[in-house]
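Residue numbers (my numbering), protein chains in the order written: chain A, -10 to 85; chain B, -2 to 32; chain C, 35 to 380.
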Amino acid sequence: MKSSQSTESAGFTRMAAAGIKLHPSCRARQERFGLLFYDCRGPRLLFAATGTLLPADFFGTVRRRDEFPAGVSESQKLALNKFVTQLLEKGFLHEQ
Amino acid sequence: MEAEYQAEVTCSEEPRILEEIQVEELAIDGICGVY
Amino acid sequence: MSNKYVEMGMRSPVNLTWEVTLACNLRCSHCLSSSGVKACNELTTAEALDLVEQLHTAGVFQVNFGGGEPFIRPDFEEILAACHSHGIMTCISTNGTLFTPELVARLSRNRLVAIQVSMDGAKRETCDAIRGEGVFDAAIAAVKLLAATRIPTSINTVLTAQNADEIPAMHDMARSLGVSLRVSRFRPSGRGADNWESLRPSPAQLLGFSDWLAASGDVRTGDSFFSLTSQERQGLGLNLCGAAKLTCCVSPTGHMYPCAFLQTDRFEAGDLRRNSFQEIWDGSEIYESFRNLRIHSCEECQRFDQCHGGCPAVAWHLKNDINGGDPECLERCVTSIADNRLAVAA
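Listed below in structure tokens is the structure:
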């Protein structure tokens, strides 16, 4: 995962990312199983069994790393945190 | 590595999130073959 | 890929093939849609733009444009622009003969464009025998123009008996031009049906190609060869037919079909002049039959999990049986070669 901490090799300290957002090359839509992500750079798809936990446009705006829709339980937040990490690693989300 | 499968999914029910959200990736270099 | 999400049913296609016109300046002998003369009653500009709106509403991610030669349509760039305004990725299959530096410059302004230039041989004479005199040189010129831009570009080759031995050289040629190679399967539809026997690769050529593909991970095939896919390429794409599940086809006249190789009355899913795109996707009995299609005759095969019976379109065209299993799958190629050896030995 890309670090949001300092990048010493670049000779300066980067500001911590304000948040995360869907990568401009990616799209998301709601399906019966959850969210379907598309990345036109592949192209590739990512099927995510999120059910209705996250609206398809949730990552269309910048979100805090730990920001999730209201009503999500603590255990669901844990699962969503891991999920967001995966989306960042796979390039479907990026830091802003 | 794909996430360990821990969500229950059926055609008629919403997925019930347990500990991890299952994800699967698919390369789709022109699904229909010609274009 | 386990397919379980695909089998749950998508609310709309992930991508679709849209043949925007039947008009073409070439008469390629393997053309899947017998392109040449513009079809009567092709979608008007207004109808095409309305369809783009419908695709956007449906959530379609990508449109693969073909024909015919798409750039013959005077409004084609307008249709592209409408797609781009909604963030829809556009992949254009073209013969490249109409490309100019000005056209390429306009196309390169948008990052949602990818282009496949069709070529059918590493040698001029091989390519031109299939596509027409002078086409090899014109296509190379187009690829060079495109390679100088940021447009993702590939050379798209239909594997035939004539060019099977030149595929590695095409791979080298694509690399030397700075683009990728994509190989598509020859299927017996359109003029391809008329010239099937003379163009179809032999089982030995198909097997040889399968082996070569296994060692050539950067060569793209879409799902063309999932029926031949070796273990080495598992995970690079679908292992089943995506028609009516993840993709579909729109004809120049606005009729919808499961795929580009099944554009016949028997497989018409709907008419966009009568019903909306979403209505047809959701309600077509033809689409439903493809979603429920199970090739039971192949279930005992050791490779069933890798191809699920292969391409129904080939089964239909060659055996008139959509449930019949792909006659050119890897297993049948191996069997065919073994049978021939036995026959020769006897």
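Where a beta carbon is used, it is the ideal one built from N, C-alpha and C, also for glycine.
- The criterion of a C-beta distance shorter than 8 Å is satisfied by C:Ala73 and C:Pro286.
- Using a Cβ-Cβ distance cut-off of 8 Å, the stretch 182 to 194 of chain C and the stretch 143 to 150 of chain C are in contact, since at least three pairs of beta carbons, one from each stretch, lie closer than that value.
- Sequence-distant partners of C:Ala156 (beyond 5 residues in either direction) whose C-beta falls short of 6 Å from its own C-beta, in its chain, are Glu200, Ala203, Met204, Met207.
- Nearest to C:Leu296 by C-alpha distance, out of C:Ser331, C:Arg337, C:Asp355, is C:Asp355.
- For A:Glu84, DSSP records a beta bridge to A:Ile9.
- Interface criterion met: the Cβ of B:Glu21 is under 8 Å from a Cβ in chain C.
- Contiguous beta strand (DSSP E) elements confined to the stretch 63 to 125 of chain C occur at 96 to 100, taking only those with 3 or more residues.
- Scanning chain B for C-beta atoms nearer than 9 Å to the C-beta of C:Tyr321 yields nothing, as the closest lies near 14 Å away.
- Closest in C-alpha terms to B:Ala24, from the list C:Asn49, C:Cys58, C:Asn59, C:Ala57, comes C:Asn49.
- Across the structure, A:Ala7 and A:Arg54 are spaced so that their CA atoms are roughly 9 Å apart.
- For A:Asn70, the enclosing alpha helix (DSSP H) stretches over residues 63 to 78.
- Residue range 187 to 193 is occupied by the beta strand (DSSP E) that includes C:Leu193.
- If only complete runs of 3 or more residues are kept, the stretch 259 to 335 of chain C shows the beta strand (DSSP E) at 289 to 291, in order along the chain.
- B:Ile18 has a beta carbon lying at 8 Å or more from every beta carbon in chain C.
- Contact between C:Ser258 and C:Ser218 is confirmed by a C-beta separation of about 5 Å, below the 8 Å threshold.
- Annotation for C:Ala208: the continuous alpha helix (DSSP H) segment containing it runs 201 to 211.
- By the Cβ criterion, the stretch 83 to 94 of chain C is in contact with the stretch 110 to 127 of chain C, since at least three pairs of Cβ atoms, one from each stretch, lie closer than 8 Å.
- For C:Val217, the uninterrupted beta strand (DSSP E) segment begins and ends at 214 to 219.
- Neighbours of C:Tyr39 in chain B, taken as residues at a C-beta separation under 7 Å, are given in chain order as Glu21.
- When the Cα atoms are used, C:Ile314 and C:Asp373 turn out to be separated by approximately 45 Å.
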